[in-house]
Structure formats: structure tokens, C-alpha cells
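S.K.: One structure follows; several queries about it will come next.
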Amino acid sequence: MTRVVDNAVRYRSAPGPSPAAKPIRRRRRLRIGAPGIALLVLLVYLVIGPIAMLLLSGFENTTLGVVIRPPFPWTLENFVKMLTTQQTYSVLLATAVFAFASLLISFVISFALAWLVERTDIPLPGFIYVLTVAPTGMPGMISAIAWGLLANPVNGVLNLMLRPLFHAGASTGPLNVYSMPGMIAVQSIALVPLSFLLITASLRSMNPSLEDAARASGAGPLRVLARVSIPLLTPVLVGAIVYQFVTVIEGVDIPLILGLPGHVTVFSTEVYTITHPAFGLPDYGLSSAYGILLLVIALAPLILYNRVLARAQDYATVTGKAFRPRRARLGAWRWVAFAAVMVYVAITFVLPLIVLLYGSLEPYIGAFSLSSLERLTLSGWTNAFHSHLFWSSLSNTLVIGLVSSVLVMALSLGLSWIIVRTKSRIAWLADILAFLPHAMPGIVIGLAVLLIYLLIPGPIYGSIWIVVIAMTTQYLSLGTRLTTGGIAQIQVGLEEAGRTSGANAARVWLRVLLPLLRPVLLNGFLLVFLTAIKNLTLPLMLQSSTNTVMATEIWNSWNDGKVTQTAVLSVILTAVTVVASILLRRFGDAGDDRL
Amino acid sequence: MSSGIRIEKLHHRYTSKGREVVAVDEVSLDIAQNEFFTLLGPSGCGKTTTLRCIAGLETPTSGTIELGGVAVVSDRVTVPTHKRDIGMVFQDYAIWPHMSVFENVAFPLRAGRARLKRTEIEARVEEALGLVNMSQFIDRRATQLSGGQQQRLSLARALVRQPKVLLLDEPLSNLDAKLREQMRAELRQIQQRVGITTVFVTHDQVEALSLSTRIAVMNGGRVVQEGDPKEIYLTPNDEFVANFVGATSFIPGTAVTADPAGIVVETPLGAFQCAPNTEIAPGAEVVLALRPESLRVSDAADASENSIAATVALSLFVGEGVDYRLAAGDFELRARGAARAQFPAGAKVVVNVAAADCVVLPAGRLGAAGGAR
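One line per chain: the protein sequences are A and B, in this order.
For reference, each letter of the first sequence is one residue, going 74 to 668 in the numbering used here.
For reference, each letter of the second sequence is one residue, going 290 to 662 in the numbering used here.
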């Protein structure tokens, strides 16, 4: 798993040269072939298509819908409107505060946890590791709902319990999760598991003798941390921050659930509300302008990140590890640190789980108390299991997850092969196709795909397949990062040996490449599946009455105030994602060992 | 007053996958000031663990270590690595890639508690780089260096603090053969010029023999023989040492007579006149150890005390000589012959050995070193 995620931030993770550079051998090239060209055409449609659509509608007057044949109603009106509205700037500010504060907090927490687990003698580091990573199974949307139940200002469970102590007499507070600080706290907690995984993975792969050498040079533990460990981790840290930045700005889940009730609007929710207005017609032109702006905001740090990565090859510090790194002695602080970590886990992971289970068994939400035990009922669960909508949304979720992840891995495999193995004149296109989806925030992809299939007549619009298409575009970068790494590890000689043994291209793929890549593909499949079923943004942007998935169904019932139903569905979806992430860890790890 | 390094009853064990591993087993060493002391042995023999215990990168289970008369490990104290007066060179050099050459070397000066003036740091970095012939690279980024340059840089970094003790963990093993030979000579020169107590860890007998003032051969966590290079090579005290230090052929036998003038050993290849060994009593089961370069391959017996008939099984011309594998009875002998007169495979030859070159060892763990090297 650590490797998966390590690769997940590493765009095109071709192995870099080690510091003691070996002579550079020119890479042997293979021909791209007709299937390769066909693949590129399909990917251009999936990746460039949405961007072109966005540009088109952003620069058109869309009062009569998007026009795709002359005469084009060209206009700059959308951008003028966007840039002259006060709302735009307050959204921009809110997005910036939301993103930077949650990134800062989550990385401080993640780094502290990673350092404690990997570099100190804190008790039970393996146990802490598992507990810290476990919340990856909980979708951000569901943790937002759980915190809504726990700390909404009126009848949040924690508020009902704390109010008599701190706020006697008041009808709201003392906590209010429907606010910017609330959003930041929940988003920070949601970012921790992946950031923690990335940092521990790179701490583990760091050559321990670099730290040993500093110690043998007379540097104490803190100096080693400040002057050697952290500087060496910088490329990974910057990469992880940029990756998580896109995660923060692209999703609607936390801003929608926690931001809207408190009138805090960020970019993703702004785009969603313009395209799904409560009254009147959606303004596709204006929302496209917002989409384009958001695309630029996401792209800028990614370009910076790729620069850092180019330099990071110098930092290649991965060697065969001879000795376990030395752990700092915390002394009496060991147990203090351990207790602090346990409190953190209890608040961020156990408490939300408990409130969801509790909410699913109660007719309405109230403070934890003995009297609430008398109200316990399974009616929420029986209602769900007797509901046709529940079963169709569950099956839609699974079908979309399965089909998207198979498609993503198949396309990624072909694309990575072109990137790694061929250096034809159009290989730059392959690079761009693998890179761009990463810079396309989910909300933007959702908007663009929506616009495309509003135009193209046929059965796609409103079906589950429109969601599959959007997800395939969104997760292409994630998939190629894994497959590019996988193919780069297979020497080209193995393919050539297949050819010289008389096998044709198809047979080489079938008998040599696919078997060797099986672990990577399985791993990627599970990772994409897990990410896809947790996704609220795309299904919500593309929602119709017939393509409801678990995530949208949860949002709808939450929005309708059906707390018990929301909690039941949340527990079920969490169970599905937890099973998927356990499988991912099991097969993912096994897969890594084999390569 | 100060002896260089004193190690007493060093013991280190750990549990790995539920199994207890004894990495260092009751090792005691007394290393004099300015000595070039080598820990030699195969991988896993405990030599690197011993070195890391001296550096403080491992904490031994028990035992004491004194550096320059100061106890750094004992029942009462464990001085952390950064407070020990050492310099260390790592097998992979451990050059910090995010620092320049200058910054790498200056790090130990800046890390210490004593604040040095900037001019002094610059002067000492330049001096250290000059010592290893790296002055012209002072402004380079560390990642722009070749393997050999990184190795020199790593040595400059270890020496810049002018520590009491220099620790070298297989510093030459990542270099290619030519460079390794050159660096070997330089390493010795620098060590003598600086005059610093040095502990060198290697699995390469040539490095050990050519560099050291003294060698401790380790196996299975124990020191099996300690002595100067000549003693180790010429009078190994067991089969492991004989086999590990040099490619040795062994022939089992029984001591017939043993006195200060020499030993006569009866073997399946006949009786051998051998060098004396006080540990051997008449009647003892023994093993004869024969070095390839002390076997003279010829077509007739010469004045040597021992001559054996053999057949050439393999004859490899290696430039400065000929490597032979010879079949004598049921035994394989390895010999090194002159380049000019090469016997072809299949030739019947006579192998001549002087009595002084026949080392008699008590019979024991034949093949413990995993075959001839």
C-alpha cells in the first residue's frame, strides 16, 4: 500500500538515476502501431474533449445552450461577469483559506504522526499506523455528515452534551461545524491518512546512513531532523501537498455538507450551485468561466510540482536498506505521546463511527444518554432494505465502480506503454494525456462532461454511463502513475526476448507483459474502485432520476433532513469502502512484493 | 595515557522474526593509538555491528567500549553518537544530496557545540578537501560527483573535525577495481599523514592485508584470530582463517611426529614435511593448508621437501601468471604458476612445496568458510 500511494503522487515515476550515476544508455524504442494511435484518439476525446467543451461554452453566450456550429455566439461576457462580481472574490478568498489552512494543519499532524511511528520508540507503532490509515475507508462526505451530527450548532450530539457545561441557557453552540473553522477541521482530518502514508513511505525508503552520517558528524536528534531528514523529504512533501491541494479544491463533499448551511461558499460549491440552481435556469457560460479559472488554479501548482520532481531525481535516496534507522528515545514522553495519539484517533475516527451507528439506530438525533437507548430501533435499516431506491443505488455504485476501474486500468496500461516504450513524435501527446486529468478538478470534469452530453443526443445523458465516462477521465492520471511505474520496471529486453522467440505483439502482451503487470493492475483496479465509489462530486454533477448512486442518495436524504436514513446509508457505504480498502492493502502489498 | 580504543566483552543480540540472533559474541579488542586496525570477515560475521557499536549507531546488549580512555559504553553510561569524538565513512558514502560539497564537509563543524568562526570553518573545510585532493570541487553540488569523488568527500567530512577515531565501513567496496586500488593506497597515506586511530571494516582480504597494522578476523560474531597481516596470512590458526584469507587447498591427515623442527603428516597423498605448530601433538587429526602461490608446478621434482604427482584439470592464463586446478588423488589443489611456462589441461605435472609453506592446522570445521575464495 505504501508503494501504491507513493506512486500515486509521483507523476510518471520512471526510476531516476542514483547519485552515483551509471552511464546513460539510450532507451530502446518500440513502434507505436495502429492500436496505439486508436487509443490516443479515444483518450484525446476523453481528456481534451472536456477542456475544449469548457473553453467553448466559457467564451459563448449560452442563454440558448451551447452552440457547436457556426455562427458561434462568441462573447467575453461570462468572464466579465465573473471578474466583476464581488462574490467571485469572496469565493476565491474562502477557497484559499480553506485549502491552505487544511493543508497546513493536516501536514503538521501527518508529519508528527509519521515521525513518531517511524523514528521514535513510541509504544505499539504498528497499531498506531493501522489506526491512522484506517479512515481512508471513510469517504470525506460521510465524515462530514458524521461531524454534522456531532457538532451542528443546534442539536449536534456533542453540543447537546457540552452545552449544559459551557453554554448553559443558550440554544446553539458551543461548537459549530457549519463554519469555515469547522470545514477546515474536518477537511484536515480527512487529509491526514493519505499524507501520513506518503510521509511514512518516504521516511522508510530514505537511506538510513544519511541520518547516521549526520549523527556521526556530531549532530543531535533535532538537528538531524531539521538539517537532514526534512530537507531530504522536501520533494515528497511538496508533491504530497500539491496532490492534496487538488483534492481539497476539486471536491464538493465537505463544502456542500458543512459549508452551505453556514453560508460558506468555495469554488466547487459555487460551480455546483450555478449549474444546479434552486430556481431558474443554470448559467452554463458563467459556470464554465468558473471552471476555467479553477483549472488554472489547479494547474499552476502542478507545474511547480513537476519542476520539484525533476530536481528530486537528484535526491534519489532509496538504497538497499542494511540497517534499521535509529529511533529517538522519548523517555517518559513515550506514553504521553501514545496517549495523545490515542485521543486523536478516538476523536477523529472512533467518534464519527459511533455517531453514525447511533444515528442509524435512532429515530432522531439527540445527546448520548440512557434514555436514548430506549428509543433504539432497527426501522431505519429495514426501511432501507425494503427500498427499491436503495438497491438500485447500491448496484449503480458497484457497476460504476467496477466498469470505471476496469476501463481506467486498460486505458492507462496502453497509455503508459506508449509513454515508456515508444518515443515517437506523438509521445508528447501521451505525456499530456496522462498528466492533464490530474490538473482537472472533479467539479470541472463533471461540468464539462455534463455539457458534452447535453449536446450529444443519445442514451448517455442521465444514465450511469455518463458517470462512468467522467470517472474514467478523472482517474486516468491515477491509473497511469501506477502502470507507468510498473512498465518502467519491466526491462524492454523481456519484450524483445518474446519477439525473438517468435511471438507476435498480441502474444507478447498476453504472455509477458500482462502476467508481469498483474499485481500493478490489480492494485490499481482496487485503488480506482475505492476512490470511485467514494466520489460524490461527479455523480452529483451528473445526477438524474435514474443514475442515483450511494453517495448521491446519502446527500439527497441528508439534504431532505432524513437523518436516520442518511446514517444507515452512510454505515453501509463505509462498510463497502472499508472492505475495498482492506482488499487493497492485502492485494496491494502482495503485489508490491512480487515486483 | 590514552589507548586508542578498548573494547571489552562486547555482546550484541537482537530478535529478528522471533529468532534470537547473536551478532557480536564476547568481542574484546585493544586498539592502540594511531593504529590502522581492520575487522575482516564474511558478511554477517559481526564486523559492521561491532563498528556501529563503536560509533554508537547500535547499542550493544552488554560490554564496555572506551574511546581515548573515555568510556562511551558501559553498565552505567551510553554516550549518544553525536557526543562521541569520531568520524565515519559509510559503505554508500552517505553524501547529503541536498548540500554542496562545502556544506557537506562543513556540517560536522557546524553541528558541534563549539561555535566556530566562519573563516575558521572555511579554512578547515579547505584543509580537509585538500587532504583528499578535492579542493577544486568545493562549490559543486554533491550529486554531481562520481563514486570515487563521493568517497573522497565522505573521507574529508569524517576527518574535518579532527576526531580521535576514524571509522571506515567498507568504504572501498562500491568502487570499481582500478579506483579501489588507487584509493587503497591513498587511504593508507592519508591515515598515516593525519595520524589517527582507524577501525576499518572489510570482507576483502587484499584490502585488509595491505592497509592494516593489525587485523582481527571475525566469524559468527567472534574474533577467530588477531594479529599483524603477515601472521594472519602465513600462520592462520584455523581452517576458517586459512580459507578466508587467501585461496587455500586443504588436505586432511594425521600428524606422525611433531617437534619444534617440524611436523610430519601422513595424508592420502603421502607423507608431508611441514612447518612446526606447537598446538599439534603426534597422532592428532590435522589438516594441511597450502597456498596457491607456494605450490610450484613443474615437470620434475626439485629440491623442495615435498613433491606430489598431479594432473592439470584446468589451466587459465590470467596475465601475470597461470591459475591451475590440479587433480592429485581425490583432492583438488589450486596453484599459481609462471606465465611463461603454461602446462595445458591434461598434462602430468609434479607439484613441489617447501616444508615452511605447509601449514598444519588442527582438524575441525573444514569448509566452514564456504569453500575456497
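Cβ atoms here follow ideal geometry from the backbone N, Cα and C, with glycine treated the same way.
For the segment 598-636 of chain A, list the alpha helix (DSSP H) runs that are entirely contained and at least 4 residues long, ordered along the chain.
M.R.: If we require 4 residues or more, the alpha helix (DSSP H) runs fully inside the segment 598-636 of chain A come out as 610-614, 623-632.
S.K.: Beta-carbon separation of glycine 515/A and asparagine 456/A under 9 angstroms?
M.R.: No, they are not a contact pair.
S.K.: Since isoleucine 375/B meets chain A, which of its residues come closer than 8 angstroms, beta carbon to beta carbon?
M.R.: By Cβ distance, chain A contributes Ala289.
S.K.: Give me, in chain order, the residues of the same chain whose beta-carbon lies closer than 6 angstroms to that of arginine 429/B; leave out the 5 immediate sequence neighbours on both sides.
M.R.: Here the set comprises Val390.
S.K.: What does DSSP give as the partner residues of isoleucine 354/B in its beta bridges?
M.R.: According to DSSP, isoleucine 354/B bridges with Ile296/B, Val362/B.
S.K.: Along chain A, which residues have their Cβ under 9 angstroms away from the Cβ of histidine 492/B?
M.R.: In chain order: nothing, as chain A lies at least about 13 angstroms away.
S.K.: Kindly indicate which three-state DSSP category glutamine 514/B falls into: helix, strand or coil?
M.R.: Note: glutamine 514/B maps to strand in three-state DSSP.
S.K.: In chain order, what residues of the same chain have a beta carbon less than 8 angstroms from the beta carbon of alanine 653/A, not counting five sequence neighbours either side?
M.R.: Here the set comprises Gly210, Leu599, Phe602, Leu603, Ile606.
S.K.: Residues in the same chain with beta-carbon distance under 6 angstroms from methionine 482/A, minus the five sequence neighbours each way, listed in chain order, please.
M.R.: So the list reads Gly552, Leu594, Gly597, Phe598, once near-sequence residues are dropped.
S.K.: What does the alpha-carbon distance come out to for the pair phenylalanine 396/B and leucine 605/B?
M.R.: Spanning the two alpha carbons is a distance of roughly 50 angstroms.
S.K.: Could you check whether the Cβ of serine 574/A sits closer than 8 angstroms to any heavy atom belonging to the ligand GTP?
M.R.: What this structure holds is no ligand at all, so the ligand GTP is not there to describe.
S.K.: From which residue to which residue does the alpha helix (DSSP H) around leucine 488/A run?
M.R.: Its alpha helix (DSSP H) spans residues 461-494.
S.K.: For leucine 642/A and leucine 583/A, what's the separation of their Cα atoms in angstroms?
M.R.: Computed Cα separation, rounded: 41 angstroms.
S.K.: Leaving out five residues before and five after threonine 268/B in sequence, what residues of the same chain have Cβ atoms less than 7 angstroms from its Cβ?
M.R.: Any question about residue 268/B goes unanswered here, given that chain B covers just 290 to 662.
S.K.: Count the other C-beta atoms from every protein chain shown that fall within 10 angstroms of the C-beta of arginine 629/B, then say buried if there are 16 or more, exposed otherwise.
M.R.: The residue is exposed, with fewer than 16 neighbouring Cβ atoms inside 10 Å.
S.K.: Check the C-beta distance from histidine 511/A over to valine 203/A and give it rounded, since I have them as a contact under 8 angstroms.
M.R.: In fact, because the Cβ distance is near 29 angstroms, the residues do not count as touching under 8 angstroms.
S.K.: Counting only Cβ pairs nearer than 9 angstroms, list the residues of chain B close to aspartate 285/A.
M.R.: Those are Arg341, Ala344, Leu346, Thr370, Met377, Phe379, Ala383, listed as they occur along chain B.
S.K.: Give the list of continuous alpha helix (DSSP H) stretches no shorter than 4 residues that lie fully inside the segment 108-196 of chain A.
M.R.: Within the segment 108-196 of chain A, the complete alpha helix (DSSP H) runs of at least 4 residues are 122-131, 150-157, 159-192.
S.K.: So, with DSSP's three-state summary, where would you put leucine 444/B?
M.R.: Of the three classes helix, strand and coil, the one that applies to leucine 444/B here is helix, per DSSP.
S.K.: Whose C-beta lies closer than 7 angstroms to the C-beta of alanine 207/A among residues of the same chain, with five residues either side of it excluded?
M.R.: Excluding sequence neighbours, alanine 207/A sits near Phe422.
S.K.: Rounded to whole angstroms, what's the CA-CA distance from threonine 491/B to glutamate 347/B? Just pull it up for me.
M.R.: Distance between the alpha carbons of threonine 491/B and glutamate 347/B: 18 angstroms.
S.K.: On a CA-only basis, which of Arg614/B, Arg413/B, Met472/B, Gly352/B is nearest glutamine 438/B? Give me that one, please.
M.R.: Considering only alpha carbons, the answer is Met472/B.
S.K.: Quick check on the burial criterion: 16 or more other C-beta atoms within 10 angstroms. Buried or exposed for glutamate 574/B?
M.R.: Burial call: exposed.
S.K.: With a threshold of 9 angstroms between beta-carbons, can alanine 410/A be considered close to chain B, or not?
M.R.: It does not: the Cβ of alanine 410/A has no partner Cβ on chain B nearer than 9 angstroms.
S.K.: Since lysine 467/B is in the alpha helix (DSSP H), which residue starts that stretch and which ends it?
M.R.: Run containing lysine 467/B: 466-483, per the alpha helix (DSSP H) assignment.
S.K.: At which residue ranges does the segment 528-596 of chain A contain complete alpha helix (DSSP H) runs of 4 or more residues, listed in the order of the chain?
M.R.: Those alpha helix (DSSP H) runs which fall completely within the segment 528-596 of chain A and span 4+ residues are 537-561, 565-573, 578-581.
S.K.: By the 9 angstroms beta-carbon criterion, what residues does the segment 397-416 of chain B contribute toward chain A?
M.R.: Within the segment 397-416 of chain B, the qualifying residues are Pro397, Leu398, Arg399, Ala400, Gly401, Arg402.
S.K.: Quick one: measure Cβ to Cβ for glycine 293/B and isoleucine 320/B, integer angstroms, because I've assumed they're closer than 8 angstroms.
M.R.: Yes, glycine 293/B and isoleucine 320/B are in contact; Cβ-Cβ is about 5 angstroms, under 8 angstroms.
S.K.: So is glycine 659/B in contact with chain A if we call contact Cβ pairs under 9 angstroms?
M.R.: Residue placement at glycine 659/B is poorly supported in this model, since its pLDDT is 36, which falls under 50; the coordinates still yield a value, given next. By this cut-off, glycine 659/B is not an interface position.
S.K.: Could you give the DSSP three-state label for cysteine 647/B: helix, strand or coil?
M.R.: Cysteine 647/B: coil per DSSP, three-state reduction.
S.K.: Rounded to whole angstroms, what's the CA-CA distance from alanine 503/A to leucine 488/A? Just pull it up for me.
M.R.: Near 6 angstroms, if we compare the C-alpha coordinates of leucine 488/A and alanine 503/A.
S.K.: List the whole-angstrom C-beta distance separating serine 485/A from threonine 573/A, where the pair is believed to meet the contact cut-off of C-beta under 8 angstroms.
M.R.: Contact flag wrong, Cβ pair sits at about 28 angstroms.
S.K.: Could you run through the segment 600-613 of chain A and flag, in chain order, every residue whose CB is less than 9 angstroms away from some CB of chain B?
M.R.: Per Cβ criterion, the list is empty.
S.K.: Can you tell which of Val321/A, Asn249/A, Leu235/A has its C-alpha closest to the C-alpha of serine 179/A?
M.R.: Selected option, being the one with the closest Cα: Val321/A.
S.K.: Out of Val642/B, Arg477/B, Tyr382/B, which one is the CA nearest neighbour of cysteine 563/B?
M.R.: Of the candidates Val642/B, Arg477/B, Tyr382/B, the one whose C-alpha sits nearest the C-alpha of cysteine 563/B is Val642/B.
S.K.: Distance, Cα to Cα, valine 483/B vs isoleucine 343/B?
M.R.: Roughly 20 angstroms separates the two Cα atoms.
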